[in-house]
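Colleague: Chains as they are written, first to last, in numbering that gives the first Met the number 0: chain A, 0 to 204; chain B, 0 to 204. So that we are looking at the same thing, I have put the structure below in C-alpha cells.
There are 2 protein chains.
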Amino acid sequence: MNNYRLNQQIQFIVEIDKLKTVLRQTMLTDGSRRENSGEHSWHLAMMTMILAEYAPSEVDLFHAMKMVLIHDLVEIDAGDTFCFDIQNNKSKAQREAAAAKRLFGILPENQGKELHLLWEEFEARETPSAKFAAALDRIQPMLNNKATKGGTWQLYNITHEQVMKRMAPVEEGAPQLWNLVQETIEECIAAGYLQPPKSTTTTQG
Amino acid sequence: MNNYRLNQQIQFIVEIDKLKTVLRQTMLTDGSRRENSGEHSWHLAMMTMILAEYAPSEVDLFHAMKMVLIHDLVEIDAGDTFCFDIQNNKSKAQREAAAAKRLFGILPENQGKELHLLWEEFEARETPSAKFAAALDRIQPMLNNKATKGGTWQLYNITHEQVMKRMAPVEEGAPQLWNLVQETIEECIAAGYLQPPKSTTTTQG
C-alpha cells in the first residue's frame, strides 16, 4: 500500500486477530470449551449497550465501549492471567505494560498513544467510565459461571470470600447492578455452585 | 431477581453467548480454525475504532459500532450463511427475520424494538452508518483471506468476479478504503491466492 498510515492501521487490525486464540479460564455457557478474549470483549461491548441505563450518569458510554473492546489486547503477548492466580498476578503489570508498548506501537503514533491511554485508563479504574467497564468485566464471568453450574469456581475451589472480593468493584462502578450480583451469588450458593461463606464465629479457648 | 426488566436483559446477555459457537467460513489469520461470529463482531467493532477517520462525515460512529456488534446475532438461530452459497442465501432473509423476532423478543419491549430496528438498518444498507458498517464487514474477511494465503477463496474456488462483486459495497460505504481493497486484491492475485480475472476477450467464430 502506498498510504503508510493506513498500512500501519491494517497491520494492527491483522495483528489483533491473535486475541481470538488467547484462552480465558471462563467456559462458554454451554460448557463446550473455554472462552477466548476476543469473544469475551465482544460480550462486554454488548453488555455496555444492553445495560447502559444502569450506568452512572457520568459514564461516557461510547468511551466505556471502546475500553472494553481493547482492555484485553495486551494478552496477545502477556497471555490471560487468571484472576485467582496469585503467583502470575505478581508479574502481570510488567508483562502487560511491555505488550501494550509493542502492540499500540504498531499503530500511527497519535492513534497508538490514544489507545495506550485508553487502556491505562481502564487499568487505573479511576474514571466513572473505567469503573463501569470494570464492573461489566466482573459480571460477565459470574453469569457464565452460574450458567455452567459453578464453572471455574468449582474447578479451582474458589471460595465465597474470593468471589466477593473479585466482585467488589461492581458496587462502586455500577451501583445499580450490585443487587443483581448479590442475588446471583446467593442463587449460586443455594444451587450448590459455590460454597457458602465460612461461619465467622471463632472457636473458643 | 425481583427486577423483571433487568431479568429480561440478563437473560438476553446469557442467550447471546451462543454466538460464540456459530462458525463462519473465514479462518483465523493463523489458519488454526474457523472464526466464530462473536469474535468476528468484536473485530469489526475494533475496525470501526481504528478506521474511524476514513468514515464519511455523515457516519455516526457509535451507532455504526452498535450495528456491527449486533449484526450477526440472528445467526444464533439461523446459522451463518456463506456469502457465496447461492442455495442457502435464498432462504436467508426468512430464517433471519424469525431469529430476530425471537432473540430481540427476549429483551424488554422498547429495547428489543430498538435493537430490531438497528439490525434492520444494517440489513437495508441505506444509511451512511449502515453502509460503513457493511464495508467493514466486507474488508475483514478479505484481510483474513489474504493472511491465510487465499483462505475460503481457495477452498471454494471463488472467482475474482465473485470477490469483486462481494467487495463492491466498500466503494460506496467507505470510498476512502476502496483503494485499499483494490490493492489488496491485486496483491492476492500476484501472490497466487486468488485467480486473476478471466480475459474478457470473446472467442471468434
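We put the CB at the ideal spot given by N, CA and C, even for glycine. Values in this document were obtained by computation on a predicted structure and should not be read as measured data.
1) Using three-state DSSP, classify N35 (chain B) as helix, strand or coil.
2) Would L18 (chain A) and G37 (chain A) be called neighbours here (beta carbons separated by less than 8 Å)?
3) Any idea what DSSP makes of L193 (chain A), helix, strand or coil?
4) Whole angstroms is fine: what's the gap from M0 (chain B)'s alpha carbon to P107 (chain B)'s?
5) At what residues does the alpha helix (DSSP H) containing Q7 (chain B) begin and finish?
6) Considering only the beta carbon of each residue, do H70 (chain B) and S40 (chain B) sit closer than 8 Å?
7) Between the alpha carbons of Q10 (chain B) and D136 (chain A), how many angstroms are there, rounded?
8) I need the straight-line Cα distance from E170 (chain B) to K145 (chain A), nearest angstrom please.
9) Rounded to whole angstroms, what is the Cα-Cα separation between I49 (chain B) and A97 (chain A)?
10) Identify every residue that forms a DSSP beta bridge with L27 (chain A).
11) Rounded to whole angstroms, what is the Cα-Cα separation between L105 (chain B) and Q7 (chain B)?
12) Here's the rule: buried if 16 or more other CB atoms are within 10 angstroms of the residue's CB, otherwise exposed. What is K164 (chain A)?
13) If you measure from the beta carbon of H205 (chain B) to each beta carbon in chain A, is any gap under 8 Å?
14) Strictly under 8 Å for the Cβ-Cβ distance: is T25 (chain B) near chain A by that measure?
15) Could you check the C-alpha separation between S128 (chain B) and Y3 (chain A) for me, to the nearest Å?
16) According to DSSP, simplified to helix, strand and coil, what is L106 (chain A)?
17) Grab me the residues of L60 (chain A)'s own chain with a C-beta within less than 7 Å of its C-beta, minus the 5 sequence neighbours each way, in chain order.
18) If we count Cβ pairs, one from each stretch, closer than 8 Å, do we get three or more for the stretch 185 to 197 of chain B versus the stretch 148 to 161 of chain B?
19) Would you please verify whether the beta carbon of D29 (chain B) is less than 8 Å from any beta carbon of chain A?
20) Which residues in chain A sit within 8 Å of D79 (chain B), going by Cβ to Cβ distance?
21) Please check if any C-beta of chain B sits within less than 8 Å of the C-beta of G37 (chain A).
22) Do we get a CB-CB distance below 8 Å when we pair V13 (chain A) with the residues of chain B?
23) Would Q181 (chain B) pass as an interface residue toward chain A - the criterion being a Cβ-Cβ separation below 8 Å?
24) In whole angstroms, what separates the C-alpha of M166 (chain A) from that of E122 (chain B)?
25) Would you please state the rounded distance, in angstroms, between the beta carbons of A99 (chain A) and H115 (chain A)? I believe it to be under 8 Å.
26) Evaluate L154 (chain B) with the Cβ neighbour count: other Cβ atoms within 10 Å of its Cβ, from every protein chain shown; 16 or more gives buried, anything less gives exposed.
27) Anyone know if the C-beta pair for L176 (chain A) and A134 (chain A) falls short of 8 Å?
28) Smallest Cα separation from S56 (chain B): which of B:N178, B:C187, B:A189, B:P174?
29) Could you check whether A44 (chain A) and A44 (chain B) sit closer than 8 Å to each other, using their CB atoms as the reference points?
30) Kindly identify the DSSP beta-bridge partner or partners of L22 (chain B).
31) Among the residues of its own chain, which have a CB less than 6 Å from the CB of H42 (chain A), if the five just before and after it don't count?
32) Between I9 (chain A) and chain B, is there a C-beta pair that is closer than 8 Å?
33) Can you have a look at Y84 (chain B) and say buried or exposed, based on whether 16 or more other CB atoms are within 10 angstroms of its CB?
34) Looking at chain A, which residues of the stretch 139 to 151 of chain B have a Cβ within less than 9 Å of any of its Cβ atoms?
35) Which residues in the same chain have their Cβ closer than 7 Å to the Cβ of L179 (chain A), if we skip the five residues on either side of it in sequence?
36) Here's the rule I'm using: 16 or more other beta-carbon atoms within 10 Å means buried, otherwise exposed. How should N35 (chain B) be labelled?
Modeller: Let me spell this out:
1) Three-state result, N35 (chain B): strand.
2) The answer is yes: Cβ separation under 8 Å.
3) coil
4) Reliability fails at M0 (chain B), whose pLDDT of 47 lies under 50, so the model's placement of it is uncertain and the value that follows must be treated cautiously. Rounded to whole angstroms, M0 (chain B) to P107 (chain B) spans 15 Å at the Cα level.
5) 3 to 14
6) yes
7) 17 Å
8) 46 Å
9) 21 Å
10) In DSSP, L27 (chain A) forms no bridge with anything.
11) According to the sequence as given, residue 105 (chain B) is Ile; it is not Leu. So the two alpha carbons sit approximately 6 Å from each other.
12) exposed
13) Residue 205 (chain B) lies beyond the range of chain B shown here (0 to 204); nothing can be said about it.
14) no
15) 26 Å
16) coil
17) T47, A51, A54
18) yes
19) Yes, D29 (chain B) lies at the interface with chain A (some Cβ there is under 8 Å from its Cβ).
20) None at all; the shortest Cβ gap to chain A is about 14 Å.
21) Judged by the 8 Å Cβ criterion, G37 (chain A) is in contact with chain B.
22) Yes, because at least one Cβ of chain B sits closer than 8 Å to the Cβ of V13 (chain A).
23) no
24) 38 Å
25) 6 Å
26) exposed
27) yes
28) B:P174
29) The answer is yes: Cβ separation under 8 Å.
30) The partner list for L22 (chain B) (beta bridge, DSSP) reads B:N35.
31) The residues are Q139.
32) yes
33) The sequence given here has Asp at residue 84 (chain B), not Tyr. Under this definition D84 (chain B) is an exposed residue.
34) Q139, L142, N143, K145, A146
35) none
36) Within 10 angstroms of the beta-carbon of N35 (chain B) lie 16 or more other beta-carbons, which makes it buried.
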